[in-house]
Amino acid sequence: MGRPVIDVCEVAYDTECWRAYLGALAARAPRYLVLFAGRLAALTAGSAAEVAAGAVRDPAATADRLAAALGRDFDIDRHVEARAASGVTRQILHGGPWPVAGGTVNDRVAALVARHPDRLGLWAGISLADPDAALTEARRALDVSGASGLSVIPFLDGADPSAPEHDRLWRLAADRDVPVWVHCGQHFRRDVPFDVSAPRVLDRVAGAHPGLTLVAGHGGWPWVAEMLAVVQRHPRVYLEFSSHRPARMAVPGSGWEPLLALGGTIARSRVLFGSTSWTQAAGPADLAAEVAGLGLPDDVVGAWLHDNAARLLGTGRAA
2 MGRPVIDVCE VAYDTECWRA YLGALAARAP RYLVLFAGRL AALTAGSAAE
52 VAAGAVRDPA ATADRLAAAL GRDFDIDRHV EARAASGVTR QILHGGPWPV
102 AGGTVNDRVA ALVARHPDRL GLWAGISLAD PDAALTEARR ALDVSGASGL
152 SVIPFLDGAD PSAPEHDRLW RLAADRDVPV WVHCGQHFRR DVPFDVSAPR
202 VLDRVAGAHP GLTLVAGHGG WPWVAEMLAV VQRHPRVYLE FSSHRPARMA
252 VPGSGWEPLL ALGGTIARSR VLFGSTSWTQ AAGPADLAAE VAGLGLPDDV
302 VGAWLHDNAA RLLGTGRAA
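This is the structure:
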């Protein structure tokens with residue numbers, strides 16, 4: 002076991018939940034199934050080219066086939082045991098608002114977290130498509146399902162998080178002192194503006210709600226320098242870089258140069274580790290090892306992989 006790791010962005014679903022999640026992507030942003038074809042092909046009998054071709058031809062059928070592969074033999078007890086054995090001391094599982102039998106994906110994930118409350122946490126997925134429904138689901142998740150945070154994907158909902166109709170949701174999160182993870186950076190829904198998930202959107206939300214804790218999911222790439230400027234401006238804004246391989250950050254031209262240059266200074270206390278391991282060919286422990294291999298000082302590596310998240314999750318507040 003290596004150094005301790007806290008993973009603030011993981012997806013762990015049964016087949017029905019995978020079907021709901023991937024089905025939403027297939028319906029609104031099918032390009033994702035093409036982009037992750039290589040990773041997903043490893044779970045099926047087909048090649049990456051076959052998965053990509055299938056995603057173009059019939060996104061819904063491809064999503065259904067991949068959901069079956071991703072959810073096959075899923076067991077939360079084995080999942081937690083494997084993560085603990087590799088040094089992952091706590092993992093935040095992201096839910097979703099999509100309906101499944103007996104409720105929503107949030108409900109299913111809440112039941113998983115309840116089995117291992119010392120190892121798992123839930124950040125409930127909230128859709129911004131309907132502001133009234135978003136507020137209702139957020140309250141239910143926090144009051145009934147035991148969620149300790151919220152998670153939103155603006156491009157999937159075709160919504161601008163900084164629009165005034167979402168202010169009630171952000172006030173609720175600020176009043177409850179729970180973090181909100183927001184997909185931040187590039188997206189592949191072609192009928193939604195490219196910059197709906199740009200760091201400048203989080204800047205507007207953070208400026209309007211200074212008591213709100215925000216976590217920029219996926220680090221804001223390709224606007225990493227802009228993301229760091231937002232972090233510097235707002236003391237309750239964090240970033241995590243899930244879905245991106247840390248080993249590639251040091252490659253010239255990767256776009257991550259600002260983080261490597263400033264992540265040990267102005268952003269040292271506000272960088273978190275996230276895996277979203279279904280998009281990778283590696284688990285959280287291997288991805289954490291890649292962070293350790295970036296040549297950063299040991300105290301910075303420790304802060305990114307564990308200490309910053311421990312402080313955030315332990316108190317609900319930024320330092």
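Count along the sequence shown from 1, add 1, and you get the number used in our numbering. Glycine included, C-beta positions come from ideal geometry on N, C-alpha and C.
>> If contact is defined by three or more beta carbon pairs under 8 Å, each pair taking one atom from either stretch, is the stretch 139–150 in contact with the stretch 170–189?
In response: yes
> Rounded to the nearest angstrom, how far is the Cβ of F90 from that of P5, given a contact under 8 Å?
Replying inline: Note that residue 90 is Thr in the sequence shown, not Phe. With 8 Å as the limit, T90 and P5 qualify as a contact, their Cβ atoms being about 5 Å apart.
> Taking contact to mean at least 3 C-beta pairs separated by less than 8 Å, is the stretch 27–43 in contact with the stretch 273–288?
Replying inline: yes
> Leaving out five residues before and five after T45 in sequence, what residues of the same chain have Cβ atoms less than 8 Å from its Cβ?
Replying inline: V52, R66, L67, A70
> Just checking my contact of G122 with A286 at CB under 8 Å: how many whole Å lie between their CB atoms?
Replying inline: Incorrect: roughly 18 Å between the Cβ atoms, too far for contact.
> Who are the near neighbours of G72 in its chain, counting only those whose CB is closer than 7 Å to its CB and skipping five residues on each side?
Replying inline: Y14, D15, T16, W19
> In this structure, what does DSSP give as the bridge partners for D8?
Replying inline: Q92
>> Taking the alpha helix (DSSP H) that E166 belongs to, which residues open and close that run?
In response: E166 -> no alpha helix (DSSP H), and no H or E assigned at all.
> What's the gap between the Cα of S278 and the Cα of R237?
Replying inline: 26 Å
>> Quick check: what's the CA-CA separation for L251 versus L295?
In response: Looking at the sequence provided, one finds Ala at residue 251 rather than Leu. For A251 and L295, the distance between alpha carbons rounds to 7 Å.
> Is it right to say R234 is buried, meaning 16 or more other beta carbons lie within 10 angstroms of its own, or is it exposed?
Replying inline: exposed
> In this structure, does DSSP put V252 in helix, strand or coil?
Replying inline: coil
> Between the C-alpha atoms of V206 and R169, what's the straight-line distance to the nearest angstrom?
Replying inline: 12 Å
>> Among the candidates L306, A290, G315, whose CA atom is the shortest distance from the CA of L240?
In response: L306
> Residues in its own chain within less than 7 Å of A56 by CB, not counting five upstream and five downstream?
Replying inline: P31, L34, V35, A38, T63
> L260 and G220 look like a contact to me (Cβ under 8 Å); what is the Cβ gap, rounded to whole Å?
Replying inline: 7 Å
>> Using a Cβ-Cβ cutoff of less than 7 Å, which residues in the same chain neighbour G265 once the five nearest sequence positions on both sides are dropped?
In response: L297, P298, V301
>> Does L313 pass the burial test, meaning 16 or more other C-beta atoms within 10 Å, or should it be called exposed?
In response: buried
> Which residues share a DSSP beta bridge with A125?
Replying inline: L151
>> For R318, which residues in the same chain have their Cβ closer than 8 Å to its Cβ, ignoring the five residues on either side in sequence?
In response: With a pLDDT of only 40 at R318, under 50, the local geometry of the prediction cannot be trusted, and the value read off the model is given with reservation. Contacts found: D178, T214, R237.
>> Against chain D, with Cβ distances strictly below 8 Å, would R79 count as a contact?
In response: No chain D is part of this structure, which consists of one protein chain only.
>> Any contact between the stretch 99–111 and the stretch 77–86? By contact I mean 3 or more CB pairs, one from each, below 8 Å.
In response: no
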